Amino acid sequence: MKRHTLHSTLLTGVLLLALAPASLAPQVPDSTRTDTSRTPVFKLQGLTILVPRPISTTGGASAVEVALDSMVVRPAPTLEQVLREMPLIQIRRNSRGEAQPALRGGKDRQIAILMDGVPLTLSWDARTDLSIIPLTSAQRIILIRGLSSVLHGPNVLGGVVEVDVARGAGRQAAPRPLQVDLGLDHTGARSLGVAGGTLLETSQGEWVLRAGGGHQARDGFVLPEETGDENDLIPALLTDDGELRLNTDATRYDGFISARYRSEGGRWMSLSSSGFTEERGVAPEAHIQNPRLWRYPKQTRLISALSGGTGQRATAWGEGDLEASLGLDLGSTAIDAFATETYQDVTGGETSDDLTLTFRVLGDHSLGEKGELRGAFTYADVNHDEILDRVEKNSYRQRLWSLGTEAEWRFGDAPVLLGSKGTRLTLGLAIDGADTPESGDKPTSDSLWDWGGRLGFTTLTGKEGLLLHGALSRRTRFPALRELYSGALGRFVPNPELKPEILTGGEIGFTFTGTGMGLQVVGFYQALADGIVRSSVSTSEGPKYKRINQEKIRSRGLELLASGALGSLGWSGDLTFQRARGITPAGDEVRLEYEPEVAGKISAFLLLPLGLEGHASGRYMGRQYCENPELGGLESFGSSRHLDLGLRRVFGFDGRVLGGAEAALNLDNATDSLVLDQCGLPQPGRTLRIQLRIW
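The opening residue of the sequence shown carries number 376 in the working numbering; numbering runs sequentially from there.
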């Protein structure tokens, strides 16, 4: 690590915090706005969970919400950078350089990512790379864990991440006229985010208009000094100056526009559009002799959502509302493969164009005074065109659809639960389908369909602040086009015979909110039949991977989420215990890739003199296993610990042009520990960042 650069960055950050005008008064950032959904929300401000709010849920699902302008993340952040700071979700970069989520033993393709209602995970790969989804436009993120509603559409098994930009029936607060975020770290990585908007009120309604852009660039990630015996190849995978991880540079530009109209009567419509272009390298794996040597010379993506709704309306049978949305997800990707670590001689490559069109209709209507009926129809048309090694051309297409309905009934005092002050029961049913009318030069897959269902409850008990909740669920995920047909530039053996995954599971828990403290405990059990996993195979061309259906994957565990405050000290923590195993036809248990039995995080912030706020965050990940084709099976890597430290100060201005400013100094991975996302793929080492936000 370049010590003189680190020291100069540290000095700059200290001066930034200290040299503030004496007349500026430190202010506490605004807390997130009140949520009107049916989900109990653990609200996040900065890196700390402040207030768990146990309101009744849609079938017992629980969620975590965060407002983007309250987080200490890099300017123009990506979805990866934000989700890494949230509890109970694990994020890791794979050998393609893609950041993917995991929840309760559920993998990336089982978790839905929605941006203003557009499902980004209904695609060629049935997942989306979190590291390239810009959040310059985002206002809040909601993470729904576990057994989510059947109304979210097809291929939703293990949770939902919702990114809100402009849609929604409720009123929106006036946006900041202008906000500028600047960031720099000691390696020279820089980031910039600019956004602004206005609220226009007329006699008929109100308009909220927003626009902005962002930029991030880096020469590479710092390599942690603590390499360990499990990563003997890491020293050979550095840049020429020996400071940065080989081929981890990146440059990205992004921008967005959004418009939202709401009439005085409650009708609304919104349009949001965001896009980016990026060039980046892919870190080679350090645990195998022949890792991928890839670069993305260009990636572009445009995500647009047009939505509208009636708002709550009186009808002959009560009242209800209707909402419809159209989504466009358009992207282009180029991959170059290289012969050596010099990244000079291109040996092959792939270019691809992706187009996904989605259409979604949602509605709900009252059933008397205590009931409600909801329904949703989702359709997605996924198109993928690719050119391999500049010669072989293939086109693929998949159509997915889902029709779901959900009824909810509210009771007063429930006799089955003594002391109950109110109970909600929810029953949902869905029919999902998929087909692949185009499959390149490979056999098409038969048309598939299956059913899903969900039963849930929430009960507000007689004990003040205690909410009980639980659910049972069955859902199906159809194999993605890439899982069926892609060879990944010779690294995988295609398998068009893959069968759909079927998840059945249950969860039960409670949420308690007391004075200065919140606690949520959830136990879960999930069984995934025909789970799709990768396995090592021997071919005439050498060892490769092949995706196969595991007989069954079974996971069970316990989640704990807590937060509290004691004077000027605030804290939060989460802990997950789980046991996830594959079950063979003979009934034997086998270990799975990247399924730690213990994972957790604890965060704290403390108000200090001179208006400063200090914060610290520590994470722990238990032992994990990975598939190594050169060994023909699994190899293990040890547990890891990660510590982040930070210091920030918020200032208020009396002038009319600027409303305030925030200066922050952050030390990521303060102990310079080796933390592996996957085998041979370490997270960055100790990194010092400074950040300035002005609005």
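The beta carbon of each residue, even a glycine, is placed where N, CA and C say it ideally should be. Bear in mind the structure is a predicted one, so any value in this text is a computation, not a measurement.
Are Pro-550 and Arg-585 touching if we call contact CB-CB under 8 Å?
yes
Out of Leu-941, Ser-930 and Pro-869, which one is the CA nearest neighbour of Thr-914?
For Thr-914, the closest C-alpha among the options Leu-941, Ser-930 and Pro-869 is that of Pro-869.
Residue interval of the alpha helix (DSSP H) (run including Arg-857)
It spans 856 to 860 - the alpha helix (DSSP H) in which Arg-857 sits, taken as one unbroken run.
Please list the terminal residues of the continuous beta strand (DSSP E) segment that includes Leu-1022.
1015 to 1027
Look at the Cβ atom of Thr-562, then the Cβ atom of Thr-1062, and state whether they are nearer than 8 Å.
yes
From Leu-425 to Val-1025, what does the alpha carbon distance come to, in whole angstroms?
Unreliable placement is indicated for Leu-425, whose pLDDT of 36 sits below 50; no coordinate value is reported for it.
Based on Cα-Cα distance, which residue from Trp-1070, Gly-1060, Gln-1066 and Gly-1008 lies nearest to Leu-1033?
Restricting attention to Trp-1070, Gly-1060, Gln-1066 and Gly-1008, the CA atom closest to the CA of Leu-1033 is found in Trp-1070.
Within the chosen definition, does the region 494 to 513 reach the region 444 to 464 through at least 3 CB pairs nearer than 8 Å?
yes
Which full runs of the beta strand (DSSP E) of 3+ residues lie inside the region 915 to 955, going along the chain?
917 to 924 and 927 to 941
Identify, in the order they occur along the chain, each residue of the same chain with its Cβ nearer than 6 Å to the Cβ of Val-535, setting aside the five sequence neighbours on each side.
Ala-487, Ile-519, Ser-523 and His-527
What does the Cβ neighbour count give for Gly-743, buried or exposed, with the cut at 16 atoms within 10 Å?
exposed
Would you tell me roughly how many angstroms separate the C-alpha atoms of Gln-1058 and Arg-749, rounded to the nearest one?
43 Å
Boundaries of the alpha helix (DSSP H) in which Gln-456 is found, first to last residue:
Counting along the chain, the alpha helix (DSSP H) containing Gln-456 begins and ends at 454 to 458.
Please report the straight-line C-alpha distance between Phe-1075 and Ala-699, rounded to a whole angstrom.
Here the chain covers residues 376 to 1070 and nothing more, so residue 1075 does not appear.
Rounded C-alpha distance that separates Ser-324 from Leu-1049
The displayed coordinates of the chain run from 376 to 1070. Any statement about residue 324 would go beyond what the structure contains.
Under 6 Å Cβ to Cβ from Arg-655, same chain only, skipping five residues before and after it: list those, please.
Ala-625 and Tyr-671
Of all the options Ala-592, Ala-548 and Gly-580, which has the alpha carbon lying nearest to the alpha carbon of Gly-558?
For Gly-558, the closest of Ala-592, Ala-548 and Gly-580 by C-alpha to C-alpha distance is Ala-592.
Could you tell me which uninterrupted beta strand (DSSP E) segments, each at least 3 residues in length, are contained entirely in the region 493 to 561, listed from first to last along the chain?
515 to 520, 534 to 539 and 554 to 560
Going by Cα to Cα distance, which pick from Ser-1015, Gln-925, Leu-847 and Gly-939 is closest to Ile-958?
Gln-925
Could you give the distance in angstroms between the alpha-carbon of Gln-547 and the alpha-carbon of Trp-582?
9 Å
In angstroms with no decimal places, state the Cα-to-Cα distance between Phe-952 and Gly-932.
5 Å
For a quick check, are the C-beta atoms of Pro-871 and Thr-851 less than 8 Å apart?
no
What's the gap between the Cα of Val-965 and the Cα of Gly-650?
Each residue's Cα considered, the two are about 42 Å apart.
Return the chain-ordered ranges of every alpha helix (DSSP H) run that is complete within the region 835 to 917 and spans a minimum of 4 residues.
Listed in chain order, the complete alpha helix (DSSP H) runs (minimum 4 residues) inside the region 835 to 917 are 856 to 860.
When DSSP labels each residue in this structure, what does Gly-986 get in the three-state scheme?
helix
So within the region 673 to 702, which uninterrupted beta strand (DSSP E) runs reach at least 3 residues, ignoring any that extend past its ends?
Taking only runs of at least 3 residues, the beta strand (DSSP E) segments lying wholly in the region 673 to 702 are 688 to 690.
Spatial neighbours of Gly-815 within its chain, please: C-beta separation below 7 Å, excluding the five flanking residues on both sides.
Asn-769, Ser-770, Tyr-771 and Tyr-860
May I ask which residues mark the beginning and end of the beta strand (DSSP E) holding Leu-804?
797 to 814
At 3 residues or longer, and completely inside the region 703 to 787: list those beta strand (DSSP E) runs for me, N to C.
721 to 742, 746 to 763 and 767 to 786
For Ala-902 and Ile-928, what's the separation of their Cα atoms in angstroms?
6 Å
Where Leu-505 and Asn-469 are concerned, what is the direct C-alpha to C-alpha distance, given to the nearest angstrom?
11 Å
Does DSSP classify Gln-485 as helix, strand or coil?
helix
Spatial neighbours of Leu-574 within its chain, please: CB distance less than 6 Å, with the 5 preceding and 5 following residues excluded, ordered by chain position.
Result list for Leu-574: Ala-549 and Val-583, in chain order.
Opposing strand residues paired with His-590 [DSSP bridges]:
Leu-567 and Tyr-628
Residues that DSSP places opposite Val-965 in a beta bridge:
In the DSSP assignment, Val-965 is bridged to Gly-957.
Where Leu-1033 sits in the DSSP three-state scheme
In this structure, Leu-1033 counts as coil in the three-state DSSP scheme.
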